[in-house]
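Report on one structure; see the data block that follows.
Okay, here's the thing in structure tokens:
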């Protein structure tokens, strides 16, 4: 089987307990919503999962040295980031990590700041701990969303406030430049903020000339006040195995983070640890092929969407997610409108931006084409009214 056939020939998930496909079970709606790709995981991961299943013992596990070594090698090779093994805190997912950060700052922060639009848990986590969520709109410059530094300067903060940063950004797909990160870090350092940088999409840069720079690898000062979140789950399509990690170089912050986790956040499962190692060690050829496939899907979708009346798509530099402005469509609820025409997208309201939509490119080109055909017909029906 060629590596490309792993992307064209996706498993049929319609009758399985899948969050993505189960949402529209029994309805003729193509699901392009939650950030979950339809592709098979890398061949080495699938083979390892089969062998581990046949082993027959599914007891508790802990992170083994081979996985730690794989992470250190991976972060060094891809980001030129030398991390100490003691900085790593293992987690079952990113959403719980966002909540842990809010919990640990519950008595230290006057607010939690974040950009909008943004992945919904960024907006909901602060409220779980009675913290105010201050939403700072990204600025659209040309066809690219960036940080609004003038707005940041005008925003009142107190030392100890928490900033939840999404880098690269979900849903708009921006891969922040070194210059943007340097300017942001200076602002955060001056304000004495704690930054949680969710970098889960950092290995999915769609532009070949881009290279991810972890915020904490920018300079020693920002590293001392940054919690970096990473995982193999988005890149290698392993979200169901719940294996993620935080990198925290500051020992005091790391201790407080662990205390906020204690008794609440479980360790990743044994299979998650094992498959994470294999993905990091043996998944590079598959990842490169995935990036080529996603670029083609992105370009194909953009070409089609630009021709649809009422929609303005934005080309993602990173992630497999495409952000669409549907406010000119004149539909009262664009999300519901496209569901009624057989396409299930993510509702921009959940990201803090009503009237927008998020489209998941992590599917076969054939399925993407079917969905775009339905969207085109839907938009044409609005014009004809």
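Residue numbers (our numbering): -14 to 370. Every residue gets a Cβ at the ideal spot worked out from N, C-alpha and C, and that includes glycine. Computed from a predicted structure; not experimentally measured.
Practice item. Between the Cα of residue 375 and those of 114, 169, 85, spot the shortest distance and give me the residue it belongs to. Key: Outside the shown range of the chain (-14 to 370) lies residue 375, about which nothing can therefore be said.
**Study point:** Sufficient close CB pairs (3 or more, under 8 angstroms) joining the stretch 250 to 263 to the stretch 72 to 85
**Key:** By the Cβ test, the stretch 250 to 263 is in contact with the stretch 72 to 85, since at least three Cβ pairs between them sit closer than 8 angstroms.
Check your understanding: Which one of -7, 204, 175, 153 has the shortest CA to CA distance from residue 195?
Key -> 153
Practice item. Could you say which of 325, 332, 256 lies nearest to residue 37 if we only look at CA atoms? Key: Ranking the options by Cα distance to residue 37, first place goes to 256.
Check your understanding: Does the Cβ of residue 283 have 16 or more other Cβ atoms within 10 Å, making it buried, or fewer, making it exposed?
Key -> buried
**Study point:** Exposure of residue 128, with buried meaning 16 or more beta-carbon neighbours within 10 Å
**Key:** exposed
Check your understanding: Between residue 347 and residue 23, what straight-line distance do the alpha-carbon atoms span, to the nearest angstrom?
Key -> Cα to Cα, residue 347 sits roughly 6 angstroms from residue 23.
Check your understanding: Any idea which residues DSSP pairs residue 76 with across the strands?
Key -> 229
**Study point:** the stretch 50 to 59 / the stretch 13 to 20 touching (three or more Cβ pairs under 8 angstroms)
**Key:** Contact fails: fewer than three Cβ-Cβ distances are below 8 angstroms.
Practice item. Would you decide whether residue 45 is buried or exposed? Buried here means 16 or more other CB atoms lie within 10 Å of its CB. Key: exposed
**Study point:** Where residue 321 falls, given that 16 or more other Cβ within 10 Å makes a residue buried
**Key:** exposed
Check your understanding: So the alpha helix (DSSP H) residue 3 belongs to, where does it begin and stop?
Key -> Run containing residue 3: none; DSSP gives neither H nor E here.
Check your understanding: Could you give the distance in angstroms between the alpha-carbon of residue 373 and the alpha-carbon of residue 329?
Key -> Residue 373 lies beyond the range of the chain shown here (-14 to 370); nothing can be said about it.
**Study point:** Proximity of residue 34 and residue 275 at Cβ, strictly below 9 angstroms
**Key:** no
Review point. Out of 165, 304, 287, 303, which has the shortest C-alpha to C-alpha gap to residue 297?
Key: Ranking the options by Cα distance to residue 297, first place goes to 287.
Practice item. Have a look at 312, 333, 355, 280 and flag the residue whose alpha-carbon is nearest the alpha-carbon of residue 367. Key: 312
Review point. Smallest Cα separation from residue 5: which of 360, 331, 335, 363?
Key: 331
**Study point:** Cβ pair residue 401, residue 303 closer than 9 angstroms
**Key:** There is no way to answer for residue 401, as the model of the chain reaches only from -14 to 370.
Check your understanding: Leaving out five residues before and five after residue 202 in sequence, what residues of the same chain have Cβ atoms less than 8 angstroms from its Cβ?
Key -> Cβ contact annotation for residue 202 (same chain, cutoff 8 angstroms, sequence separation greater than five): 64, 65, 66, 208, in chain order.
Exercise for review: Compute the beta-carbon to beta-carbon distance between residue 179 and residue 229, rounded to the nearest angstrom, for a pair I have assumed lies under 8 angstroms.
Suggested key: The Cβ separation is near 19 angstroms, so there is no contact.
Point to revise | residue 236, buried or exposed, once every other Cβ within 10 Å from all chains shown has been counted against 16 | key: exposed
Check your understanding: Do residue 156 and residue 295 have their C-beta atoms within less than 9 angstroms of each other?
Key -> no
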